[in-house]
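Protein sequence lines correspond, in order, to chains Z and Y. Position 142, counted from 1, in the first sequence is what the working numbering calls 149; the numbers after and before it change by one each time, with no gaps. Position 39, counted from 1, in the second sequence is what the working numbering calls 46; the numbers after and before it change by one each time, with no gaps. Built from N, CA and C at the ideal position, the CB exists for glycine as well.
2 protein chains.
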Amino acid sequence: MLTLYSFGPGANSLKPLLALYEKRMEFTHRFLDPTKFEHHSDWFKKINPRGQVPALDHDGKIVTESTVICEYLEDAFPNEPLKLRPSDPFLVAQMRIWTKWVDEYFCWCVSTIGWERAIGPMARSIPDDEFEEKMKHIPIPEQVAKWRSARKGFPKEVLEEEMRKVRVSVARLEARLNESPWLAGPDYTLADICNFAIANGMEKGFADVVNQKDTPHLVDWINRINERPGAKEMFSKVKRENLARRPQQSAPA
Amino acid sequence: MLTLYSFGPGANSLKPLLALYEKRMEFTHRFLDPTKFEHHSDWFKKINPRGQVPALDHDGKIVTESTVICEYLEDAFPNEPLKLRPSDPFLVAQMRIWTKWVDEYFCWCVSTIGWERAIGPMARSIPDDEFEEKMKHIPIPEQVAKWRSARKGFPKEVLEEEMRKVRVSVARLEARLNESPWLAGPDYTLADICNFAIANGMEKGFADVVNQKDTPHLVDWINRINERPGAKEMFSKVKRENLARRPQQSAPA
Chain Z
8 MLTLYSFGPG ANSLKPLLAL YEKRMEFTHR FLDPTKFEHH SDWFKKINPR GQVPALDHDG
68 KIVTESTVIC EYLEDAFPNE PLKLRPSDPF LVAQMRIWTK WVDEYFCWCV STIGWERAIG
128 PMARSIPDDE FEEKMKHIPI PEQVAKWRSA RKGFPKEVLE EEMRKVRVSV ARLEARLNES
188 PWLAGPDYTL ADICNFAIAN GMEKGFADVV NQKDTPHLVD WINRINERPG AKEMFSKVKR
248 ENLARRPQQS APA
Chain Y
8 MLTLYSFGPG ANSLKPLLAL YEKRMEFTHR FLDPTKFEHH SDWFKKINPR GQVPALDHDG
68 KIVTESTVIC EYLEDAFPNE PLKLRPSDPF LVAQMRIWTK WVDEYFCWCV STIGWERAIG
128 PMARSIPDDE FEEKMKHIPI PEQVAKWRSA RKGFPKEVLE EEMRKVRVSV ARLEARLNES
188 PWLAGPDYTL ADICNFAIAN GMEKGFADVV NQKDTPHLVD WINRINERPG AKEMFSKVKR
248 ENLARRPQQS APA
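This is the structure:
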């Protein structure tokens with residue numbers, strides 16, 4: 008039995024969600040609400056002590072790290088008809104260069120801007136004492152630091168440097184998609200899913216960088232993935248968080 | 008035919024070197040000298056436009072990124088008797104969590120301290136105009152920034168934060184090796200090779216953190232890997248760079 012613990016269909020949570028929907032695999036989805044800090048609750052830290060989503064429970068065994076979960080699905084279910092990893096080892100390597108790049112570079116710069124815009128206001132809406140209490144339950148010090156920076160507002164130089172990296176990232180994706188239909192080569196793979204997890208929505212959130220005029224191949228690739236039946240089904244079925252409206256912690260459900 | 012382009016047997020270059028020696032595979036080693044900035048030379052940037060080692064040439068196809076190369080060897084040569092990737096998908100996922108962690112966290116903090124200590128003095132020994140000329144040939148802006156920081160000396164706060172991360176990393180390795188003989192479980196895998204690439208030598212360079220008293224399991228694991236025939240052969244055969252003695256650029260060979 009498969010249970011996926013995740014936020015809604017965006018960023019790292021989207022990766023295994025989309026892989027599962029693309030492969031039409033049966034699984035239970037357990038939504039965690041980031042505005043309630045559910046991923047730092049004791050019950051979830053028994054599942055992933057690092058307090059991070061996504062996490063996959065496969066018959067009681069827990070697999071963490073979004074990209075690792077995606078590759079795990081390929082390894083553990085080799086008989087699923089849709090493969091999201093090429094069979095040619097050289098193309099697998101190309102796929103991994105792209106999944107590694109998104110995890111080490113692309114996701115971080117987009118994430119900082121996203122935290123500044125969406126998490127910052129949410130964090131500032133939390134009273135000081137409640138915020139400090141929340142911080143105590145976060146197991147990773149770098150995550151605590153990121154929450155504090157978001158609440159205070161990231162320094163201007165940091166945001167400028169991250170925007171530079173966003174532009175570098177977008178240029179790299181556009182150049183690749185100008186020469187190849189999919190990131191790792193002729194086939195749709197985890198390279199596309201893992202980069203789409205970050206790039207989807209940039210036509211709105213980063214419209215001055217990602218748009219029909221400057222990055223036509225990137226926009227077309229985002230549209231092509233959105234049009235796939237797996238993506239449509241995922242977006243129609245999976246619950247989303249609403250960062251703009253933080254629920255009262257003590258209100259009845 | 009296999010040709011590996013790399014520095015000597017340390018850090019990221021060590022990963023595919025050790026994998027190849029462990030698997031007893033035939034390959035040609037092409038040593039690049041970092042003190043001569045050979046990895047930023049035009050001939051090498053035709054092989055890897057990012058100007059980074061290691062890079063593997065397999066019958067004319069180039070695979071880059073040290074961890075990706077290691078997995079590629081498992082994919083492309085499935086009949087080699089020694090497997091460095093488990094057969095159980097759950098253990099493969101554990102292996103990947105460790106190879107991902109070293110690439111995203113452990114390697115960076117150790118690297119900054121290493122750059123401060125070894126690359127800094129070397130960079131300062133280069134005259135200004137020659138240094139600026141070298142910088143022009145580095146394709147990755149973050150690498151240029153790292154060279155400049157090393158030459159100037161990293162800020163004290165950066166070094167302190169990196170040392171904190173070194174301690175976190177070492178504690179994580181020690182805890183894991185206290186409960187398991189190898190990082191991913193019962194077998195020696197790429198998780199061990201990729202983390203050994205960074206941890207080896209820390210008993211000397213970080214003796215206050217990695218030592219028999221405080222981290223006995225980590226020290227024992229480092230020793231066990233050094234005693235393996237593959238590691239012994241690699242260290243005896245593969246040329247090393249000498250960062251302390253920068254060769255004159257214009258001197259005859």
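Beta-ladder partner(s) of L11 of chain Z, from DSSP: Beta-bridge partners assigned by DSSP to L11 of chain Z: Z:H36 and Z:L63.
Please decide whether Y12 of chain Y counts as near chain Z, where near means a Cβ-Cβ distance under 9 Å. With 9 Å as the cut-off, Y12 of chain Y does not count as an interface residue toward chain Z.
Would H46 of chain Z pass as an interface residue toward chain Y - the criterion being a Cβ-Cβ separation below 9 Å? So no, H46 of chain Z is outside the interface.
List the residues of chain Y whose Cβ lies closer than 7 Å to the Cβ of R103 of chain Z, in chain order. Ordered by position in chain Y, the residues that pass the 7 Å Cβ test against R103 of chain Z are V75 and E78.
N- and C-terminal bounds of the alpha helix (DSSP H) containing I147 of chain Y: That residue, I147 of chain Y, is in no alpha helix (DSSP H); it is neither H nor E in DSSP.
Exposed unless 16 or more other CB atoms sit within 10 angstroms - verdict on R171 of chain Z: Under this definition R171 of chain Z is an exposed residue.
Cβ-based burial, G121 of chain Z [other Cβ within 10 Å; buried from 16]: Within a 10 Å sphere around the beta-carbon of G121 of chain Z sit 16 or more other beta-carbons, which makes this residue buried.
Ordered along the chain, which non-local residues of its own chain (more than five positions away) have a Cβ less than 6 Å from that of V165 of chain Z? If we look at V165 of chain Z and ignore the five residues flanking it on each side, it has no Cβ neighbours.
My output table needs one value for T71 of chain Y: the three-state DSSP class, helix, strand or coil. Collapsing the DSSP output to three states places T71 of chain Y in a strand.
Quick one: what's W189 of chain Z bridged to in DSSP? Z:G192, per the DSSP bridge assignment.
Would you kindly work out how many angstroms separate the C-alpha atoms of A125 of chain Y and I54 of chain Y, rounded to a whole number? If I take the Cα positions, the gap works out to 27 Å.
Contacts that F97 of chain Z makes with chain Y (C-beta to C-beta distance below 8 Å): Result: H65, K68, V70, Y79 and A83.
From the DSSP output, in three-state form, read off G121 of chain Z for me. Judged by DSSP in its simplified three-state form, G121 of chain Z adopts helix.
Could you give the distance in angstroms between the alpha-carbon of R92 of chain Z and the alpha-carbon of E29 of chain Z? Roughly 12 Å between the two C-alpha positions.
Mind checking which residues open and close the alpha helix (DSSP H) that includes T106 of chain Y? P96 to W108 is the extent of the alpha helix (DSSP H) around T106 of chain Y.
Taking a contact to mean a Cβ-Cβ separation below 9 Å, would you say V216 of chain Z touches F38 of chain Z in this structure? The Cβ atoms of V216 of chain Z and F38 of chain Z lie no closer than 9 Å to each other.
Whole-angstrom distance between T106 of chain Z and R179 of chain Z, CA atom to CA atom: Between R179 of chain Z and T106 of chain Z, the C-alpha separation is close to 14 Å.
Do you know whose CA, among Z:T119, Z:L27 and Z:L63, lies nearest G160 of chain Z's CA? Per the Cα distances, Z:T119.
Could you confirm whether any beta carbon from chain Z is found closer than 9 Å to the beta carbon of D227 of chain Y? Cβ-Cβ to chain Z under 9 Å: no for D227 of chain Y.
Measuring alpha carbon to alpha carbon, tell me which of Z:S13, Z:D199, Z:R231 and Z:T42 ends up nearest L133 of chain Z. According to the sequence as given, residue 133 of chain Z is Ile; it is not Leu. Nearest C-alpha to I133 of chain Z: Z:T42.
Near-chain Z residues of the stretch 103–129 of chain Y - C-beta to any C-beta below 8 Å: Correct list: R103, I104, K107, D110 and E111.
Less than 7 Å between C-beta atoms, sequence neighbours within five positions excluded: which residues of the same chain meet that for M8 of chain Y? These residues qualify, in order along the chain: D66.
Roughly how many angstroms lie between the CA atoms of S156 of chain Z and W115 of chain Y, to the nearest whole one? Computed Cα separation, rounded: 21 Å.
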